[in-house]
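*Asks:* Attaching a single structure in structure tokens format; questions to follow.
Below is the structure:
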């Protein structure tokens, strides 16, 4: 198995892509927070949250569909916290996407910008903590828990989800 088709390497690479989008989101929010609204910063927020809301949402679905289900066979409840974190994260991301749409459509109210900033900061905080937890706790555990056959199954499932 090469590093390119190792399922954990693929998931970690997707985490890195999400981390780059988070940095973009964080920088844009910091700019708006410090200097006020700008079209350029808002466009960066939109670009980052659309990546997270589409590409990274697929990543989480793969984790839940393939990885978590295999891990649960070894230890019931092992992925419960990760699944809960996914739900919390997607609730915050959906709210942020709604804030972005409201601004794009001109549906502004007195707290629109403040809500956009606060929700963006929450998404950055939640997703960074979640990625760190998966990278340092969950992923190292995978090779120890899964049999070679299960790991091959995971590899095939992840690879086929990219096709």
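In my numbering, the protein residues as written are 137 to 299. Glycine included, each C-beta is placed from N, C-alpha and C at the ideal position.
Out of 167, 270, 219, which one is the CA nearest neighbour of residue 145?
*Replies:* If we check each option's Cα against that of residue 145, 270 comes out closest.
*Asks:* From the DSSP output, in three-state form, read off residue 215 for me.
*Replies:* Here residue 215 sits in coil by DSSP.
*Asks:* Assuming residue 251 and residue 235 form a contact by the criterion Cβ under 8 Å, report the distance between their Cβ atoms to the nearest whole angstrom.
*Replies:* Sure, about 6 Å apart at Cβ, within 8 Å.
*Asks:* So, under 8 Å CB-CB, residue 198 and residue 294 are touching, yes? Tell me the CB distance rounded to an integer number of Å.
*Replies:* Going by Cβ atoms, the distance from residue 198 to residue 294 rounds to 6 Å, so yes, they are a contact pair.
*Asks:* With burial defined as no fewer than 16 other Cβ atoms inside 10 Å of the residue's Cβ, what is the status of residue 179: buried or exposed?
*Replies:* The residue is exposed, with fewer than 16 neighbouring Cβ atoms inside 10 Å.
*Asks:* What residues in its chain sit with their C-beta under 6 Å from that of residue 284, if we drop five residues either side in the sequence?
*Replies:* Excluding residues within five positions, none has a Cβ falling inside 6 Å.
*Asks:* When DSSP labels each residue in this structure, what does residue 173 get in the three-state scheme?
*Replies:* The answer is coil: DSSP assigns residue 173 none of H, G, I, E or B.
*Asks:* How many angstroms separate the CA atom of residue 277 from the CA atom of residue 162?
*Replies:* Whole-angstrom Cα-Cα distance: 30 Å.
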